[in-house]
Each structure stands twice: as C-alpha cells, then as structure tokens.
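Chains as they are written, first to last, in my numbering: chain P, 86 to 198; chain Z, 149 to 261. What follows is one structure encoded as structure tokens, with my remarks underneath.
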Amino acid sequence: GESVGLHLPTLSVQEGDNSIINCAYSNSASDYFIWYKQESGKGPQFIIDIRSNMDKRQGQRVTVLLNKTVKHLSLQIAATQPGDSAVYFCADFVTGTASKLTFGTGTRLQVTL
Amino acid sequence: DSGVTQTPKHLITATGQRVTLRCSPRSGDLSVYWYQQSLDQGLQFLIQYYNGEERAKGNILERFSAQQFPDLHSELNLSSLELGDSALYFCASSVDQTTYEQYFGPGTRLTVT
Chain P
86 GESVGLHLPT LSVQEGDNSI INCAYSNSAS DYFIWYKQES GKGPQFIIDI RSNMDKRQGQ
146 RVTVLLNKTV KHLSLQIAAT QPGDSAVYFC ADFVTGTASK LTFGTGTRLQ VTL
Chain Z
149 DSGVTQTPKH LITATGQRVT LRCSPRSGDL SVYWYQQSLD QGLQFLIQYY NGEERAKGNI
209 LERFSAQQFP DLHSELNLSS LELGDSALYF CASSVDQTTY EQYFGPGTRL TVT
C-alpha cells in the first residue's frame with residue numbers, strides 16, 4: 086500500500102514492549118483530544134478520546150494521558166504488536182459550530198520483531 | 149472499513165487542470181468534511197458541509213471549492229492545479245455538525261505533474 090510519506094519523527098519499539106507517543110497542543114480552549122491511527126494506504130482511524138476535564142482514560146491496550154498544565158497529551162500502547170505499526174496523530178477539538186479537528190504533526194511507530 | 153467511500157483512489161493530472169474528487173458519507177451521516185494531507189503540512193482541515201450547506205471553512209484555497217448534494221455525497225473541485233496541490237485528500241463524515249467523532253475515507257491521492 087501507499088505510505089503517507091510524511092517526514093515524521095519515528096519511534097521504534099520491540100514487539101511486546103510498551104510504546105509511548107507524545108503530542109503537544111496549543112489551544113487551551115480545546116474540549117476534546119483524540120488519537121488517530123493511520124495505516125499505510127488508509128485514512129485516519131479513531132483510537133481513543135479524552136475530554137478536557139479528565140487526565141486519564143483507558144481503552145483496550147491503550148491509555149491516554151492529558152496534562153493541561155503543560156498542554157501535553159500522550160498515548161500509551163501496552164504490549165505493542167506488529168499491527169500497531171502506523172502513523173499516530175493527536176487532534177484537538179473545540180465544541181461549537183465549527184467542528185474541525187486540528188491535527189498534530191504525527192509520529193511513525195515502527196514495531197520490530 | 150469506515151463506511152466512507154472516496155473516488156478515485158489515485159489521480160494524476162497536469163498543472164493548470166481541474167479535477168473533481170468524490171465522497172460518499174457513511175449511511176445516516178449528514179456532515180461531510182474535507183482534509184488535505186501533504187508532506188509538509190500534515191492533515192489540514194479544508195471545509196465542512198452539513199445537510200447540503202457549508203458550515204465551516206479552514207485553509208481552503210480560492211481555487212478549491214466543494215459542495216454537498218441532496219443525496220449527501222460531496223465533491224471537492226480543485227482547479228488551476230499547481231505542483232504543490234499534490235497530496236492525499238481525505239473525506240470524513242459524522243452524524244451531526246458539531247462532533248469530533250468523524251470517520252475517514254481511504255483518501256484520494258492526487259499527483260500534479
């Protein structure tokens with residue numbers, strides 16, 4: 086399939102290890118933060134979201150942490166698998182009439198066997 | 149599979165030409181969004197339509213236009229194409245107009261030569 090081809094920071098993780106992907110945001114008015122996964126040749130796929138009044142949310146093998154003080158968001162993937170190899174984007178969202186997602190730069194996760 | 153379809157998958161055209169990208173939202177979704185993903189800009193919001201009407205505009209050039217038809221499919225028209233317009237163009241859809249829960253299609257890769 087096609088790759089996104091972006092000049093992105095890359096995180097290499099061994100299969101079975103935990104991955105931590107970081108993201109900084111700038112809009113203090115954001116209500117929601119969302120992590121998307123983009124596999125080669127596909128569109129972004131929703132992974133997990135967190136509301137701005139929370140600091141942690143857990144899903145299946147994923148945890149998102151939000152630190153509003155330093156405007157930082159992280160995605161932790163437990164027991165990383167080869168299928169987790171993809172580009173990961175954080176996005177923020179402000180509730181209102183304009184429902185556009187503002188995406189971060191993205192991080193490429195490479196899982197090595 | 150997100151349920152959002154986009155055609156064509158690939159498009160190669162020359163500078164100065166005009167192209168039309170097509171998107172069909174998920175069944176039941178009334179809102180359609182267009183995003184551009186280029187090498188140096190990442191994922192950028194272009195425009196949103198809800199039930200046939202324009203709802204929000206992002207970094208969309210004047211050479212670009214979009215519309216949403218009564219059957220809710222949407223078209224993105226790109227004219228006077230330049231080399232820098234080469235990118236992946238994604239369509240996303242959502243149930244209503246003010247949600248971050250957007251589902252992305254597989255994208256159209258546009259190459260301008």
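Using N, Cα and C, we set each Cβ at its ideal position, and we do this for glycine too.
For residue i and residue j, I'd like the C-alpha separation in whole angstroms.
i              : j              : result
G191 (chain P) : F174 (chain P) : 4 Å
G232 (chain Z) : N199 (chain Z) : 31 Å
R136 (chain P) : L194 (chain P) : 24 Å
G126 (chain P) : P254 (chain Z) : 7 Å
A176 (chain P) : L191 (chain Z) : 10 Å
P156 (chain Z) : T256 (chain Z) : 6 Å
A162 (chain Z) : S234 (chain Z) : 10 Å
V180 (chain Z) : G101 (chain P) : 38 Å
L150 (chain P) : Q154 (chain Z) : 33 Å
T168 (chain Z) : Q189 (chain Z) : 22 Å
D169 (chain P) : E202 (chain Z) : 36 Å
T246 (chain Z) : G206 (chain Z) : 15 Å
Q130 (chain P) : S97 (chain P)  : 21 Å
L93 (chain P)  : Q216 (chain Z) : 33 Å
Buried or exposed for residue i, please, with buried defined as at least 16 other CB atoms from any protein chain shown within 10 angstroms of its CB.
i              : result
D177 (chain Z) : buried
I160 (chain Z) : exposed
S172 (chain Z) : buried
K185 (chain P) : buried
I105 (chain P) : exposed
G164 (chain Z) : exposed
L226 (chain Z) : buried
K113 (chain P) : In the sequence on display, residue 113 (chain P) carries Ser and not Lys. S113 (chain P) comes out exposed.
R166 (chain Z) : exposed
L187 (chain Z) : exposed
V152 (chain Z) : buried
K122 (chain P) : buried
T55 (chain P)  : The displayed coordinates of chain P run from 86 to 198. Any statement about residue 55 (chain P) would go beyond what the structure contains.
D149 (chain Z) : exposed
P218 (chain Z) : exposed
G128 (chain P) : buried
G189 (chain P) : buried
V89 (chain P)  : Here V89 (chain P) scores only 42 on pLDDT, less than 50, and its place in the model should not be relied on; the value that follows carries that caveat. V89 (chain P) comes out buried.
Quick one: list the residues of chain P neighbouring residue i, beta-carbon separation under 7 Å, in chain order.
i              : result
A162 (chain Z) : Near A162 (chain Z) there are no residues of chain P at all, since even the closest Cβ is about 21 Å away, more than 7 Å.
List, in chain order, every chain Z residue whose beta-carbon is nearer than 7 Å to that of residue i.
i              : result
G144 (chain P) : Near G144 (chain P) there are no residues of chain Z at all, since even the closest Cβ is about 15 Å away, more than 7 Å.
Hey, would you say residue i sits closer than 7 Å to residue j, going by beta carbons?
i              : j              : result
R170 (chain Z) : S241 (chain Z) : no
R211 (chain Z) : S222 (chain Z) : no
S159 (chain P) : N103 (chain P) : no
T180 (chain P) : D140 (chain P) : no
I119 (chain P) : Y248 (chain Z) : yes
Y237 (chain Z) : Q184 (chain Z) : yes
A163 (chain P) : R142 (chain P) : no
Q99 (chain P)  : T197 (chain P) : yes
A109 (chain P) : K153 (chain P) : no
I208 (chain Z) : L224 (chain Z) : no
A214 (chain Z) : W182 (chain Z) : yes
Residues of chain Z with CB under 8 Å from residue i, in chain order?
i              : result
Y117 (chain P) : Y248
Residue i touches chain P at which residues, Cβ-Cβ below 9 Å?
i              : result
P254 (chain Z) : G126, K127 and G128
Identify the contact partners of residue i in chain Z, using a Cβ-Cβ distance below 9 Å as the criterion.
i              : result
G191 (chain P) : G190 and L191
D134 (chain P) : Y248 and E249
So which residues of chain P does residue i contact, with C-beta pairs closer than 8 Å?
i              : result
S241 (chain Z) : None at all; the shortest Cβ gap to chain P is about 11 Å.
F238 (chain Z) : G128 and P129
S150 (chain Z) : G128 and Q130
Could you give the uninterrupted runs of the beta strand (DSSP E) lying entirely in the segment 89–164 of chain P, keeping only those of 3 residues or more? 95–99, 104–109, 117–123, 130–136, 141–143, 147–152 and 157–162
What are the uninterrupted segments assigned as alpha helix (DSSP H) that are 4 or more residues long and contained completely in the segment 208–253 of chain Z, given in chain order? none
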